[in-house]
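In our numbering, the protein residues as written are 11 to 149.
Just so it is clear, CB atoms sit at the ideal spot from N, CA and C, and this is done for glycine as well.
Structure, as structure tokens:
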């Protein structure tokens with residue numbers, strides 16, 4: 011019996027792992043004057059060299075990539091343009107994201123024999139959160 015199941019969880023706090031990721035991102039921003047996620051998950055993928063081999067698919071608005079070495083079956087979908095929030099993407103980008111997500115999930119389903127999976131979405135979706143973020147996380 012095939013039974014798709016989804017849970018949505020929004021937390022009013024940051025986990026220690028997320029706090030660590032944000033701290034590292036702030037340090038990177040201070041040191042290199044650029045976003046860590048954009049550097050690793052976008053710029054390196056689009057450059058010539060070994061990192062470009064991690065690029066699985068690219069659309070007009072998004073990139074799909076796998077890590078060099080990481081957790082089994084980890085896939086990242088990242089926007090081509092830096093954003094703090096997924097809420098402010100326009101309808102064209104949303105349609106593109108839907109297509110890329112569907113394509114990625116079909117590949118995972120067929121290549122890995124319908125595995126269980128978790129989708130994580132990180133987004134700073136309110137002006138209050140953005141205003142409380144360290145200066146270097148703001149646009």
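Annotated three-state conformation of residue 99 is coil, per DSSP. In the three-state reduction of the DSSP assignment, residue 86 falls in the strand class. Between residue 65 and residue 51, the beta carbon gap of about 10 Å keeps them out of contact (Cβ cut-off 8 Å). The segment 66-74 and the segment 29-46 do not touch, with fewer than 3 CB-CB distances between them shorter than 8 Å.
Note on geometry: alpha-carbon atoms of residue 28 and residue 123 lie some 30 Å from one another. For the options 130, 114 and 61, the alpha carbon positioned closest to that of residue 96 is the one of 130.
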